Amino acid sequence: MTLDNLPKWARELADKYVSGAASLFVLYGNVNDWVPLREPKSLRFVSLSDFLKEAVFGTRDAVLHFDQSGGITVNADAAQDFWRTVEAMDTAAGTAFSKKLPKNPADALLVIDRFIRAKTLGEGKKKASVALIVSFAHMVAPRGDVSFMSQEDFRTLITLQKWANDPAFSRSDVTIVLVTASLQDMNEALVNNPFTAKIQVPLPDEEERLEFARSSQIPVQFQGLTPETFAKQTNALSRVDIETMLREAQRAGKLDLAFVSAKKKELIEKSCYGLLEFLEPRYTLDAVEGLAAAKQRLREDITLIKKGCWDALPMGYLLCGPVGTGKTFLSTCAIGELGIPCVQLLNFRSKWVGATEGNLEKILMTLRALGPVGVIIDEADAFMGSRDDEGDSGTSGRIFAQFASQMGDTKYRGKILWFLLTCRPDRLPVDIKRQGRVEVHIPLFYPQTPEEKAQLFVAMSKKVQWAVEPKDVDPGWAQGKKLSGADIEAILVGAKRRSLLDDGKKERKTYLKEAAEGFIPSTSPVEVRYQELAAVLECTDAAFLPELLRGADRTEILKEFNRLKAELGF
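Letter 503 of the sequence shown, counting from 1, is numbered 696 in our numbering, and no numbers are missing.
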């Protein structure tokens, strides 16, 4: 196989090795997928380890493979020399490895180290070329605090560090490849070693997915789809996922767009360990009452997306305001109008060291391949971590760094649309809120005027399937009460309940009046005011503010905000 026929990541590995930049590599990402092996007259799809053995290291004198389940394996041409080395080691050190090769990493790497040095660094003989592939490397050198490492873990880590740092290895024809699905699961000292090269294996792009679909031997009847359309619709899926989809379509007897869409969501959610969820927006911005300026801005951005003008789009939106103002509803309606996939991140935090960062790494890799996609993060102030958080071994700081890095990557401008939702934008780190990451800050407020309250009653009545007309609504019922959209929905549900229990003997206006007058908001007026002021201070466009707040003195708002902050103990 020529260099031009290698995948991009394999060419990067070859280039870095030939240049002498590194001899120890960490391959991470989509490492459990099929890899295309192109031969003069055929195309095969093989596992990553087999691809490395055949295509990348096929001309090496010795190719070794190790994982804790299978132990050490050696290619046939080097097997005799390998066993001579093991027997010599038994004689010199009193071990019995020639009878049963060790599977624990510390002893296995010691045996491999002796063989590599004997083959490549020995005096007075031809130097051999050697490659070592270590699968499931995160099990060999896992992330963890060195103070809690066992002696065997220390030995393993020291061996790997010596291989990365040893100039003799760099001068010899020796390549060591550690394979792991998540870089975050690997030992930090090894990953951050300046002599370790880290290379990501990406998910297949559209052209690669098309190649795989066309070469598949699974007989499937396409219905309303071409292979090209199928390849376009299966973004963010691995070749293994696509093969699974084709096999299930074969059993179902058809492969149409609905099947692909449903199966794709299922496979992505499964591959991300259930840490993200696809949402299916049922509404567009037409369903949003009021908020004219915010809707106009979102619709203008949607027009630019459809035109492909990515460089004129924001990286993301911050929707802020008191609880119950419809932040989630507005974001899903915007994505629904755009017509792109919409996902919500679920709780990806884990009690195990490194697992949280690994989960997020997998999610971000999927989002990059899935774009264009809208990503909703509810309660963003608590969700995203901070560089200053303490007490969790630095996990929150690392999460923050991962989010900040991805959100600031302008290569994905317009491809990944972030919607951060929070009633406490003041708790979000400035690094996240700044221009270049989440650039458009849209504040949402409770209805400000009697007319706005009446409009919202009518709009929300359709949602609860108990329609009322403007004449049925008297905003004076809730005089002096600050009502959110959620509060108004609760009043309507209460009125509907009264009507059902009473068999609808009275006018709806009467039930509505009774429910409204008896309703007590569960939120603290002081906290609501604090959240309103925080939203005003975060706003990036005066047009988003209600008329009553647009001309307010910012200095006075800041004074009141700081006074309430001290009063509430925030």
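Every residue gets a Cβ at the ideal spot worked out from N, C-alpha and C, and that includes glycine.
These numbers were taken from a predicted model, which means no experiment stands behind them.
The shortest CA-to-CA distance from E493 to any of P474, G514, A573, L531 is the one to L531. Within the model, the alpha-carbon separation for K296 versus Q261 is close to 5 Å. Secondary structure note for I435: its alpha helix (DSSP H) is the uninterrupted segment 432-445. The three-state reading of DSSP puts L637 in coil, since its state is none of H, G, I, E or B.
In the same chain as E644, and ignoring 5 residues on each side of it, no C-beta atom comes closer than 6 Å to its own. In the structure shown, S340 falls within a helical segment according to DSSP collapsed to helix, strand and coil.
By the CB criterion at 8 Å, L353 and L314 fall outside the cutoff.
Beta-bridge annotation (DSSP): E470 is paired with Q537. Taking L220 as reference, the option from L371, I592, S431, V631 with the minimal CA-CA separation is L371.
When rounded, the separation of the alpha-carbon atoms in K246 and E232 is 14 Å. DSSP, reduced to helix, strand and coil, places D260 within a strand of the structure shown.
The residue from S677, V729, L694 with its alpha-carbon nearest to that of T716 is S677. For a cut-off of 8 Å, the C-beta gap from R336 to Q393 is around 18 Å, too long to register as a contact. With contact defined as three or more Cβ pairs closer than 8 Å, the segment 432-447 and the segment 494-502 are not in contact.
No Cβ-Cβ contact shorter than 8 Å links V721 with P420. The straight-line gap separating the alpha-carbon atoms of Q344 and S212 is approximately 35 Å. Shown here, C616 sits in coil according to DSSP, grouped into three states, outside any helix or strand. Using a C-beta cut-off of 8 Å, the segment 467-477 makes no contact with the segment 266-276, since fewer than three inter-stretch Cβ pairs fall below that distance. Note on V327: 16 or more other CB atoms within 10 angstroms of its CB, so buried under the neighbour-count rule. L621 sits in coil when the DSSP states are folded into three classes, being neither helix nor strand. Beta-bridge pairing by DSSP links A390 to F218.
Going by C-alpha positions, L460 is about 21 Å away from R407. DSSP, reduced to helix, strand and coil, places M508 outside both helices and strands of the structure shown, so it counts as coil. Scanning the segment 683-761 from its first residue to its last, the whole alpha helix (DSSP H) runs of 4-plus residues come out as 701-711, 718-731, 740-743, 747-761. Closest in alpha carbon position to K655, among N225, L685, T477, is L685.
Checking the DSSP bridge columns, you'll see A255 partnered with V323.
Taking one beta carbon from each stretch, the segment 701-716 and the segment 740-749 have fewer than 3 pairs nearer than 8 Å; the two do not touch.
According to DSSP, I309 shares a beta bridge with no other residue. Around the Cβ of P397, a 10 Å sphere holds 16 or more other Cβ atoms; the residue is buried.
Inter-residue distance for G446 and I411 is about 12 Å (C-alpha atoms, whole angstroms). Nearest neighbour of E725 by Cα position, chosen from V228, Y704, L751, turns out to be L751. In chain order, E632, V633 place their CB closer than 6 Å to the CB of P507, counting only its own chain and leaving out the 5 sequence neighbours on each side. In the three-state DSSP reduction, L396 falls in the coil class, being neither helix nor strand. 8 Å or more divides the Cβ of D680 from the Cβ of L614.
According to the DSSP assignment, F362 belongs to the alpha helix (DSSP H) that extends over 360-364. In this structure, the alpha-carbon of A214 lies about 47 Å from that of R617.
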